[in-house]
Structures are given as C-alpha cells and as structure tokens.
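Read the structure below first, then the notes.
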Amino acid sequence: MFHFFSTTLYANSYSQQHFDTGGLRRESFPEGFLFGTAALAYQVEGMASKYGRGPSIWDAFVKTPGHIANNDTGEVSIDQYHRYKEDVDLM
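Per my numbering, the very first residue in the sequence shown carries number 21; after that it's consecutive.
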C-alpha cells in the first residue's frame, strides 16, 4: 500500500512537467484505452533473508534454473528496505 501511495504522489508531482514522449500522444490510443500499472511486493521489497522476512514462494521459484531469464532473482530488487527515505524525499 505504501508503494502505491508513494508512486501516486510522485507521479502527481511531475504531472505538470513536459517530458519527451518521442511523439507518442494520448490521442494515439483508441478511445476507451485504459492505462495501468502494477507492482508486487516481491518486486519492491527484496531482502528475503533480512529483517525477519522469510522467503516467499517467488524467492524459491526464481532460484529454479530456467524459470527466469539469466537466472536473475529479486534478492536486492529496488532496495526499498534501504532507500525508502530517498523515495519519500522524491515525493
């Protein structure tokens, strides 16, 4: 839930700025097209062996060779455990 609100606030703070979209415009999409976003705790949290968190089913799944390209894992992920203060400062 924290990630959702922090991302929403961050996005709203930049909504008035102009970014290079490479010519892509909202009008390029069909009427009724819905934009969306999602995040999973596994993608954000990482650190399965730290701070009392135990491994999830995803931690086990990604360690099975062939399930994930390059055998990548989410052990560090976006490092929210250590960088949450920076994320809040960006809001």
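C-beta: ideal position from N, C-alpha, C; glycine also.
Tell me whether the region 54 to 73 and the region 89 to 108 touch, counting them as touching only if at least three CB pairs, one residue from each stretch, are closer than 8 Å. The region 54 to 73, when compared against the region 89 to 108, does touch it at the 8 Å Cβ threshold.
Between which two residues does the alpha helix (DSSP H) harbouring ILE8 extend? This structure does not reach residue 8, given that the chain is present from 21 up to 111, and the question cannot be answered.
Cα-Cα, which of GLU95, LEU110, GLU51 is closest to ALA80? Checking every option, the nearest Cα to that of ALA80 belongs to GLU95.
Out of curiosity, what's the CA-to-CA distance linking GLU51 and GLY74? Taking the straight line from one Cα to the other gives about 45 Å.
Beta-carbon contacts of THR93 that lie in its chain and below 6 Å, excluding the five residues immediately before and after: Excluding positions up to five away in sequence, the list reads VAL82.
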